[in-house]
Amino acid sequence: MGDTTRPEPEPRWLSDGEQRVWRSYLHATTLLEDHLDRQLQRDAGMPHVYYGLLVQLAQAPRRRMRMTELARSAKITRSRLSHAVARLEKNGWVRREECPSDKRGQFALLTEEGAEVLRRTAPGHVAAVRQAMFDRLSPEQVEQLGTIMRVMAEGLEPAGSHADLPWLR
């Protein structure tokens, strides 16, 4: 029998224009994340990911979510979430509760102190987001960016798939 291995297909290299867009995207998202992290560290002593967890809990019914749902909502690994919640607990901003219907499950609950930190921090954070992003774009560009980001997210998280997503790890 002959060799049945197939040669690897040639990579689809990025065109010069695609390379420019890719590098611009990386540059902008890295700078934006750094800008928001610095603002939140300065104003509240927390990184951007912790702020996002507080927001998720504040918007949840009874200000609490199952840890697995919080990881999915925040798009982070369960171990990263566990570490973040431990730090937020240490600050008194979040409390864990056992799940009565599932002995292995836990809830994260936003405390009154955490809600107060969020109330104080939100105005500065939204101002930083607006200044860094929305004030620089036309309404049409905002709409286009939203459409582009949704298409990208849907491709990376296809419905009904078993993709290797952070919250499943």
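Taking numbering that gives the first Met the number 0, the leading residue of the sequence shown gets 0, the next gets one more, and so forth. Even for Gly, the Cβ is constructed at its ideal location relative to N, Cα and C. Bear in mind the structure is a predicted one, so any value in this text is a computation, not a measurement.
Practice item. Within its chain, find whatever has a CB closer than 8 angstroms to the CB of G91; leave out the 5 residues flanking it on each side and keep chain order. Key: Along the sequence shown, read from residue 1 onward, the residue named residue 91 stands at position 92. Excluding positions up to five away in sequence, the list reads T110, E112, G113.
Practice item. Note down, in chain order, each residue of its chain lying with its Cβ closer than 7 angstroms to the Cβ of A83, except the 5 sequence neighbours on either side. Key: Numbered from 1 along the sequence shown, position 84 holds the residue referred to as residue 83. Excluding five sequence positions before and after A83, the CB atoms of its chain that fall closer than 7 angstroms to its own CB belong to V48, Y49, L52, given in chain order.
Review point. The beta strand (DSSP E) with K102 in it runs from where to where?
Key: Numbered from 1 along the sequence shown, position 103 holds the residue referred to as residue 102. Taken as a continuous stretch (DSSP letters only), the beta strand (DSSP E) holding K102 covers 101 to 109.
Practice item. With L64 as the anchor, note down where its alpha helix (DSSP H) starts and where it stops. Key: Here residue 64 refers to the residue found at position 65 of the sequence shown. Note on residue identity: the sequence assigns Met, not Leu, to residue 64. Element bounds for M64: not the alpha helix (DSSP H) but the beta strand (DSSP E), 63 to 65.
Exercise for review: Could you please give the first and the last residue of the uninterrupted alpha helix (DSSP H) stretch that includes R149?
Suggested key: In the sequence shown, counting from the first residue as 1, residue 149 sits at position 150. From DSSP, the alpha helix (DSSP H) with R149 extends over 138 to 155.
Review point. Does the beta-carbon distance from A131 to H34 come in below 7 angstroms?
Key: Along the sequence shown, read from residue 1 onward, the residue named residue 131 stands at position 132. Along the sequence shown, read from residue 1 onward, the residue named residue 34 stands at position 35. Cβ atoms of A131 and H34: closer than 7 angstroms.
Exercise for review: State the Cα-Cα distance for the pair T120 and R37, rounded to the nearest angstrom.
Suggested key: Taking the first residue of the sequence shown as position 1, residue 120 is located at position 121. Taking the first residue of the sequence shown as position 1, residue 37 is located at position 38. Straight across, the Cα-Cα distance linking T120 with R37 is about 13 angstroms.
**Study point:** Start and end residues, alpha helix (DSSP H) containing E97
**Key:** Residue numbering aside, residue 97 sits at position 98 when the sequence shown is read from its first letter. Unbroken run through E97 is the beta strand (DSSP E), 93 to 98; no alpha helix (DSSP H).
Exercise for review: Give the straight-line distance between the Cα atoms of T29 and C98, rounded to the nearest whole angstrom.
Suggested key: Here residue 29 refers to the residue found at position 30 when the sequence shown is read from its first residue. Here residue 98 refers to the residue found at position 99 when the sequence shown is read from its first residue. Taking C-alpha positions only, T29 is separated from C98 by approximately 37 angstroms.
Check your understanding: Quick one: what does DSSP say P46 is sitting in, helix, strand or coil?
Key -> Reading the sequence shown from its first residue, position 47 is the one you call residue 46. Assignment of P46 by DSSP, reduced to helix, strand and coil, places it in the coil class.
Review point. What residue from G44, L56, A73, E115 has the CA that sits closest to R95's CA?
Key: On the sequence shown, residue 95 is found 96 positions in, with the first residue counted as 1. It is L56 whose Cα lies nearest to the Cα of R95.
Review point. Which first and last residues belong to the alpha helix (DSSP H) in which S14 is found?
Key: For the purposes of this step, residue 14 is taken as the residue at position 15 of the sequence shown. The continuous stretches of alpha helix (DSSP H) do not include S14, and DSSP gives it neither H nor E.
Check your understanding: Taking DSSP as the reference, what is the three-state secondary structure of L25?
Key -> Translated into positions along the sequence shown, residue 25 becomes position 26. Note: L25 maps to helix in three-state DSSP.
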